[in-house]
Structures are given as C-alpha cells and as structure tokens.
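Those sequence lines, one after another, are chains C and X.
In this text, residue positions in the first sequence follow the numbering used here: the first is 31, and each later residue adds one.
In this text, residue positions in the second sequence follow the numbering used here: the first is 32, and each later residue adds one.
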Amino acid sequence: MTALLRTESLTAGYGAAPVLHEVDLDVETGSITAVLGANGAGKTTLLRTLSGLLPATHGRVLLDGKDLRGVRVEEMVRRGVAHVPEGRGVVTELTVDENLRLGGLWRKDRADVRKATAEVYELFEPLARRRKFPGHQLSGGERQLLALGRALVGRPRLLLLDEPSLGLAPKITAQIMTLLGTLRDRSGLTVLLVEQNVRGALAIADEAVVLALGRVVTRGTDINDEMRHAYLGF
Amino acid sequence: MFLTFDGLSRGAVYAAFALALVLIWRATRIVNFAQGAMAVATAYAGFEVSAATGSYWLGFAVAIAAGLILGAVTERVVMRFVDHSSPLNGVVVALGLVLVIQGGLGMIFGSEFRPAEAPFSRDAFTVGGVALLSRFDLFVFAAVGIVVALLALLFTRTHTGLRMRAAAFAPDVSRLLGVNVSGMLTLGWALAAAVGSLAGMLVLPTELGLHPNAMDIVFVSSFTAAVVGGLDSAIGSVLGGLIVGLLLSYVSGYLGATVAPIAVLILLVVVLLGRPGGLFSRSAARTV
Numbered sequence: 031m032t033a034l035l036r037t038e039s040l041t042a043g044y045g046a047a048p049v050l051h052e053v054d055l056d057v058e059t060g061s062i063t064a065v066l067g068a069n070g071a072g073k074t075t076l077l078r079t080l081s082g083l084l085p086a087t088h089g090r091v092l093l094d095g096k097d098l099r100g101v102r103v104e105e106m107v108r109r110g111v112a113h114v115p116e117g118r119g120v121v122t123e124l125t126v127d128e129n130l131r132l133g134g135l136w137r138k139d140r141a142d143v144r145k146a147t148a149e150v151y152e153l154f155e156p157l158a159r160r161r162k163f164p165g166h167q168l169s170g171g172e173r174q175l176l177a178l179g180r181a182l183v184g185r186p187r188l189l190l191l192d193e194p195s196l197g198l199a200p201k202i203t204a205q206i207m208t209l210l211g212t213l214r215d216r217s218g219l220t221v222l223l224v225e226q227n228v229r230g231a232l233a234i235a236d237e238a239v240v241l242a243l244g245r246v247v248t249r250g251t252d253i254n255d256e257m258r259h260a261y262l263g264f
Numbered sequence: 032m033f034l035t036f037d038g039l040s041r042g043a044v045y046a047a048f049a050l051a052l053v054l055i056w057r058a059t060r061i062v063n064f065a066q067g068a069m070a071v072a073t074a075y076a077g078f079e080v081s082a083a084t085g086s087y088w089l090g091f092a093v094a095i096a097a098g099l100i101l102g103a104v105t106e107r108v109v110m111r112f113v114d115h116s117s118p119l120n121g122v123v124v125a126l127g128l129v130l131v132i133q134g135g136l137g138m139i140f141g142s143e144f145r146p147a148e149a150p151f152s153r154d155a156f157t158v159g160g161v162a163l164l165s166r167f168d169l170f171v172f173a174a175v176g177i178v179v180a181l182l183a184l185l186f187t188r189t190h191t192g193l194r195m196r197a198a199a200f201a202p203d204v205s206r207l208l209g210v211n212v213s214g215m216l217t218l219g220w221a222l223a224a225a226v227g228s229l230a231g232m233l234v235l236p237t238e239l240g241l242h243p244n245a246m247d248i249v250f251v252s253s254f255t256a257a258v259v260g261g262l263d264s265a266i267g268s269v270l271g272g273l274i275v276g277l278l279l280s281y282v283s284g285y286l287g288a289t290v291a292p293i294a295v296l297i298l299l300v301v302v303l304l305g306r307p308g309g310l311f312s313r314s315a316a317r318t319v
C-alpha cells in the first residue's frame with residue numbers, strides 16, 4: 031500500500047507558539063486513521079493545517095507524493111481532499127439543498143453530482159425530509175449529517191473529519207462509523223478521523239495516532255491501558 | 032395621487048441604492064459610505080461620454096461599466112486591506128475614499144453644477160386633469176425593476192449566486208468547498224457599485240445636476256432605507272427605499288420640502304429604537 035497523505039516534521043500554530051510539533055504521519059490509501067487525544071492536543075489544528083486553512087511554519091504535507099506547499103485552500107477540494115470542520119461546517123443561512131449543491135459546485139461532471147446528491151439523501155433520511163429548511167433550523171446531529179453529506183457529494187479521495195460524533199445520538203454515530211467503513215471498502219475512500227469517541231473510532235480504524243500537546247506520542251491500533259489512561263483520560 | 036407616484040419613483044432609486052449598500056454589507060460587514068461619491072464619479076464619466084458622442088445611451092452604458100470597474104478596483108486595491116477587527120475601520124476608510132473621490136472630481140470638473148440630461152421627458156401624463164407619471168418615471172421603474180429581478184435571479188437561481196452567498200456567510204467553509212472567496216468579494220463590490228451607478232444615473236437628472244457632492248442627500252435617504260429594511264435583507268432594502276421615497280414625497284408635498292430631510296431622520300431614529308434589526312429582517316439573529 032502507498033501513503034496517500036504524508037506529513038514530515040509538520041509544525042504549525044497560531045501566532046508565535048506552535049501547537050503542532052514535528053508531526054510525522056503516513057495515511058495509507060483506502061484506510062481509516064483515527065487521530066485521538068485530549069482537548070487541546072492539536073487534533074483540529076492538524077486538520078486545519080492539512081487542508082491549508084492554517085499555514086505550516088515548518089515541515090511539509092505530501093498528497094500522492096506531491097508537496098502541498100503553496101496550494102490554495104480552494105484548490106484542495108479539486109485534488110480530492112474534503113475537510114469537514116467541527117460543528118460549524120454547515121452554512122446555516124442556506125437551505126439543506128443549497129448546502130449540498132455547494133458541495134458539488136466545483137465539479138464538471140454534473141450528472142454524477144446529481145447522482146451523488148441523490149445517494150446522500152438516500153443515506154441520510156432526516157435530510158431528505160428537510161430539503162428546503164435553512165441550516166439554522168436543523169438539530170446539531172442533522173447539521174453533522176449535512177456537513178458530511180456535502181463532503182460526499184464531492185466524491186473525495188481523502189476525507190478529513192473533525193469530530194463527526196459531536197452532538198449525535200450514539201445510534202447515529204454508530205451508523206456514521208459503519209458508513210465510513212463501507213465507503214472505505216467499496217470505493218477506497220481514505221479517512222483521517224478526529225474523534226473524542228475513542229471506542230467508536232477504534233472500532234473501524236485501521237490505524238490510530240495519539241496526539242498529546244501537539245506531538246505524536248503513540249500509534250497503532252493496540253492502545254494499551256497505560257496509554258489510554260495517560261493520554262485519553264479514561 | 033401625484034405625490035404617491037412621485038414618491039414611488041424617487042423611492043425606486045433609493046431602493047436600488049439601498050440594495051447596493053446591502054449587497055456590500057452582507058458580503059463584507061462594511062457600510063460603503065463611499066458609494067455616493069463612487070456613483071457620482073461614474074456619472075461624470077457617463078455624461079462626459081454622452082456629451083462627446085451625443086448618445087445618452089452610450090454614456091449610460093459607460094457609467095454602469097465604470098461602476099463595475101470602480102467597484103472591483105475599490106475592493107482589490109483598498110477594501111481588501113482593511114483590518115476587520117473593528118467595524119469602524121471600514122467606515123473610516125470609506126469616508127476617506129469619499130474625500131478623495133469628491134476632491135478629485137472637484138479638481139477635474141470644478142464644483143459648479145453641470146446639467147444632467149434625462150433620456151425621456153419628465154413632463155407627467157395627466158389623466159382627468161391630475162398629473163401622474165412622466166416617461167422618465169416609467170423608465171426609472173423599469174430600470175430598477177429589471178435590476179432587482181436580475182439580482183434576485185442571480186442569487187437564487189445560479190451557481191455564482193450561491194457561491195457569492197456562501198462566501199459572504201462562511202468564507203472558510205466556502206474555500207474548503209472550492210469557492211474562490213476573494214473573487215466573489217470582488218464580484219460583489221463590482222455589482223454593487225454598478226447598481227449604485229445606475230441609481231446615480233436615474234436620480235441626477237431629477238436633482239440640480241452633476242456636482243461632486245450631488246449624491247450626499249441621496250445617500251442619507253438610501254442609507255435610511257437600507258436600515259429601515261434591515262441591512263441584511265435585500266427585499267427589505269427595496270421596500271425601505273419605497274417607504275422612504277413615499278415619506279419624502281408626502282412630507283414635502285404637505286409640509287414643505289425643508290421638513291422632508293428631518294422626516295427621514297425621524298423615521299431612522301424611530302426604526303432604530305423600535306426594531307433595530309430593521310422592519311423586514313428575520314428575527315433569528317445570526318451570530319457573527
């Protein structure tokens with residue numbers, strides 16, 4: 031297997047103080063990698079740096095072996111990277127339909143956009159019933175589904191997911207995790223999954239990375255009790 | 032009856048001008064205080080071309096095109112670099128632009144009034160002895176109506192309109208979805224300034240004529256219209272424009288023209304006290 035995404039000594043932060051320190055990552059094509067860690071460990075900062083929202087101060091990010099330095103954020107989606115930010119990903123002033131349309135606007139293949147949109151409505155039944163509703167009238171869970179669905183309309187190769195389970199009922203969280211597994215198996219989707227819900231994430235992840243204070247402290251799926259206790263707080 | 036039509040005709044112009052203010056407010060959270068001066072500058076360009084070529088319509092087209100260009104340039108060269116940490120910064124920069132543009136126009140064209148011709152007769156038709164509308168009024172209604180309809184179509188029916196709305200509401204998310212947010216901002220300023228130029232071309236023939244400060248009073252009325260309608264609401268700004276136009280017309284007709292500007296300010300104060308978000312804003316406040 032080859033690494034779709036690779037970071038080398040990635041350092042980034044806000045202002046002078048770095049939040050991420052020398053992070054090395056390898057995300058294999060068609061795998062799900064869980065990024066775990068306590069609040070403030072740098073998980074969200076990692077995703078923001080990968081998608082270019084936050085410039086790296088040191089080190090580099092490679093997608094398909096190509097250095098992403100200087101690639102604009104707007105360009106990332108065209109390279110197959112979809113970043114679903116935490117919580118506030120939905121444009122609340124726009125309707126469900128408009129949010130989904132937004133996810134496919136950059137694509138030339140209009141027929142496939144329509145097909146992908148129909149698939150999303152089929153997958154996420156609650157959205158289909160609220161097509162004309164503005165985003166601010168949706169529940170937290172529905173917003174998460176919408177943000178995820180909108181990313182899927184773009185048929186990404188790499189999905190950067192920030193806390194998809196936030197504010198969701200356990201049952202729906204489980205459905206999303208199952209869906210991610212299915213997408214990986216069927217279409218070779220690669221996922222970098224930031225999660226607080228460690229058990230749920232580890233259940234589907236092929237690989238896990240634990241961050242603490244911006245550094246990778248351990249990796250692999252066998253997170254033993256000592257690690258769990260030290261870095262994940264349970 | 033005449034007052035009503037006259038008020039609606041003036042109101043249509045305020046509506047267009049207020050709409051231009053709302054377009055920029057929604058996209059950037061800046062009230063473009065320079066819009067009046069920008070519109071006058073493009074009107075000078077338009078009437079210069081008209082005078083040189085003898086064609087009103089060529090000058091009209093030049094004014095609108097100049098609006099597009101001036102709006103885009105203003106955004107690219109000036110507004111883009113305004114620090115948004117305080118809302119006052121944008122206001123101060125816009126007011127600075129007003130001084131620069133008005134000073135520049137004064138230097139180039141002088142500060143005496145120049146005639147601004149109307150393309151159609153301003154004599155009102157009379158029905159049963161009552162004066163109603165002039166051909167020029169009809170032109171104003173048609174022009175503003177077409178522009179409002181086109182903008183509505185743009186924002187609700189086209190990909191570009193959706194991109195512009197998304198870019199205004201959630202710039203980061205829009206960029207992640209491949210929207211060229213900075214391009215959308217430039218486009219928004221260009222469109223708004225062009226609508227402002229249109230309003231200038233429609234209102235100047237009904238005033239004393241071209242003058243560097245000719246749009247100052249129009250700006251006050253239109254700003255009131257935009258606030259009355261709710262700065263976030265495009266439909267509100269259009270209705271607000273018509274309300275302000277009618278108010279001005281009735282007050283000048285019944286109480287005298289000198290009282291009219293005071294009436295506008297009273298309306299502004301009453302609305303701000305009673306419904307600060309504007310009469311037609313959605314009550315669900317958005318968190319900024």
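Virtual Cβ for every residue (Gly too), placed ideally from N, Cα, C.
Note that the structure is a prediction, hence the values are computed from the model and not measured.
query	result
Any 3 or more C-beta pairs closer than 8 Å across the segment 47-62 of chain C and the segment 195-206 of chain C	no
Straight-line Cα distance separating residue 100 of chain X from residue 150 of chain X	24 Å
From X:242, X:185, X:287, X:304, residue whose alpha carbon lies closest to that of residue 133 of chain X	X:242
Where the segment 187-206 of chain X meets chain C: residues whose CB sits under 8 Å from a CB there	190, 193, 194, 196, 197, 200, 201, 203, 204, 205, 206
Three-state secondary structure assigned by DSSP to residue 119 of chain C	coil
Within-7 Å CB hit, residue 11 of chain X to chain C	No answer is possible for residue 11 of chain X: the residues shown for chain X start at 32 and end at 319.
Span of the alpha helix (DSSP H), counted from its first residue to its last, around residue 255 of chain X	247-260
Cutoff 7 Å: residue 170 of chain C Cβ touching any chain X Cβ	no
Any 3 or more C-beta pairs closer than 8 Å across the segment 120-128 of chain C and the segment 164-175 of chain C	yes
Unbroken alpha helix (DSSP H) run spanning residue 95 of chain X, endpoints	87-104
Validate contact between the segment 239-258 of chain X and the segment 227-247 of chain C using beta carbons, cut 8 Å, 3 pairs	no
Between the CA atoms of residue 298 of chain X and residue 306 of chain X - distance to the nearest angstrom	11 Å
Within chain X, partners of residue 124 of chain C - CB distance below 8 Å	193, 196, 197, 200
Residue nearest to residue 66 of chain X in terms of C-alpha spacing, selected from X:117, X:130, X:310, X:88	X:130
Inter-residue spacing [alpha-carbon to alpha-carbon] between residue 267 of chain X and residue 223 of chain X	16 Å
Contacting residues, own chain, Cβ-Cβ under 6 Å from residue 43 of chain X (five flanking each side not counted)	171, 172, 175
Residue nearest to residue 262 of chain X in terms of C-alpha spacing, selected from X:284, X:309, X:246	X:309
Cβ neighbours of residue 146 of chain C in the same chain (closer than 7 Å, five flanking residues each side left out)	134, 182, 183, 185
Inter-stretch contact at 8 Å, needing at least 3 Cβ pairs: the segment 279-286 of chain X / the segment 49-61 of chain X	no
Cβ neighbour criterion (16 or more within 10 Å) applied to residue 135 of chain X	exposed
Of the residues C:44, C:54, C:36, C:64, the one placed nearest residue 227 of chain C, counting alpha carbons only	C:64
Same chain only: Cβ atoms within 6 Å of residue 199 of chain X, ignoring 5 sequence neighbours per side	57, 58
Identity of the residues DSSP links to residue 93 of chain C by a beta bridge	C:35, C:96
C-beta neighbour in chain X for residue 149 of chain C, strict 7 Å	no
Simplified DSSP state of residue 40 of chain C, which is helix, strand or coil	strand
Within the segment 206-240 of chain C, ranges of the beta strand (DSSP E) (whole runs, at least 3 residues)	220-224
Contact test: residue 162 of chain C Cβ vs the ligand GDP heavy atom, cutoff 6 Å	Only the bare structure without any ligand can be found here, which leaves the ligand GDP out of the picture.
Residue 52 of chain C: first and last residue of the uninterrupted alpha helix (DSSP H) it sits in	Segment 47-58 is the beta strand (DSSP E) holding residue 52 of chain C; no alpha helix (DSSP H) there.
Span of the beta strand (DSSP E), counted from its first residue to its last, around residue 62 of chain C	62-66
Per-residue contacts from residue 70 of chain C into chain X (C-beta, under 9 Å)	Those do not exist, as residue 70 of chain C stays about 21 Å from chain X at its closest Cβ, beyond 9 Å.
Assigned secondary structure, residue 318 of chain X (DSSP; H/G/I helix, E/B strand, else coil)	Here the model assigns residue 318 of chain X a pLDDT of 40, short of 50, so the residue's position is not dependable, and the following value carries that caveat. Here residue 318 of chain X sits in coil by DSSP.
Best match in C:143, C:85, C:35, C:56 for proximity to residue 46 of chain C [C-alpha to C-alpha]	C:85
Sequence-distant residues of its chain with Cβ nearer than 7 Å to residue 235 of chain X (five each side left out)	74, 147, 241, 245
Contact residues within the segment 63-88 of chain C, judged by C-beta distance below 7 Å to chain X	81, 83
Sheet register partners of residue 161 of chain X (DSSP bridge)	X:158
Three CB pairs or more closer than 8 Å across the segment 182-198 of chain X and the segment 106-123 of chain X	no
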